[in-house]
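Everything below concerns the one structure shown next.
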Amino acid sequence: MIIKKVDLETVCGITSTLPQNTRPEIAFAGKSNVGKSSLINALMNRKSFARISATPGKTQTINFYNINDEIYLVDLPGYGYAKVSQKEKENWGKMIEKYLHTSKQLQAVFLLIDIRHEPSANDKMMYDWIVSQGCHPIIIATKMDKLKRSQVSKHIKMVRQGLGLLPETRLIPFSSVTKQGREEIWNLVEREILQ
Ligand code: GDP
């Protein structure tokens, strides 16, 4: 994908009405700090368009990035903040659920998992929950530059087993530092998802 134009078009909070977009959407979910903003920036060829947090932010919004007036990248709020209240957690669930159920344009959900660690109970719950909502997420295993090349396949296996992925479920290793995996993600989107 040649990025010609990027625009943060809509930001939705818990009480917002979701946009009725007429172009395809692909959504990104993941635990806070997993590297979601960094991935979205890398896909858009931007350095710091999507917010990157050193300390996990608490803004619970769904952000819609319009790419070239062709497709939307949808940044779903991160999960697993230790400090948020029960009420905020509930709102978070409701917001994502509403989006997954009402978007008419959602073509794929990408779930980000840190390749270094065994998926957490939260990650597993999120994966199972997305599946239970009728989606089959594509996994992006982030921060692969933090591993030695020789460790990568072992860690991919660990992530696959930890989440209980089906053999046909796609997993793409990615690094926002080296941009490894970026082309693979866009190719997948252009050749399979947008077709
Ligand atoms: P988010 O909370 O999921 O949006 O995560 P961010 O994109 O804000 O990243 C959280 C932290 O991890 C930041 O300090 C990033 O610089 C770092 N980070 C994100 N992706 C990578 C990556 O691929 N490699 C490395 N080494 N660090 C990363």
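Numbering (UniProt numbering), first residue to last: 1 to 195.
Ideal placement from N, C-alpha and C gives every residue a C-beta, glycine not left out.
Mapping DSSP to helix, strand and coil, what is residue 185? helix
Measuring alpha carbon to alpha carbon, tell me which residue in 49, 112, 143 and 21 is nearest residue 71. 21
Measuring CB to CB, does residue 164 end up less than 8 Å from residue 173? no
Per-residue burial, residue 136 [other beta carbons within 10 Å of its own, 16 or more giving buried]: exposed
Pairwise C-alpha distance: residue 134 and residue 65: 24 Å
Quick one: is residue 179 buried, meaning 16 or more other Cβ sit within 10 Å of its Cβ, or exposed? exposed
Rounded to whole angstroms, what is the Cα-Cα separation between residue 15 and residue 100? 16 Å
Here's a check: name, in chain order, each residue in its chain whose Cβ is nearer than 7 Å to the Cβ of residue 102, leaving out the five neighbours to either side. 18
Alpha carbon to alpha carbon, how far is residue 63 from residue 204? Give it in angstroms, no decimals. Absent from the structure is residue 204, since the part of the chain shown begins at 1 and ends at 195.
Which of helix, strand or coil does DSSP assign to residue 102? helix
Have a look at residue 55 and residue 140 and give me their C-alpha separation to the nearest angstrom. In this predicted model, residue 55 has a pLDDT of only 49, less than 50, meaning its place in the structure is not dependable; the value taken from the coordinates is given anyway. Spanning the two alpha carbons is a distance of roughly 22 Å.
Whole-angstrom C-beta distance between residue 36 and residue 93, which should lie under 8 Å: The Cβ separation is near 17 Å, so there is no contact.
Kindly list the residues whose CB is nearer than 6 Å to the CB of residue 90, restricted to its own chain and excluding five residues on each side of it in sequence; keep chain order. none
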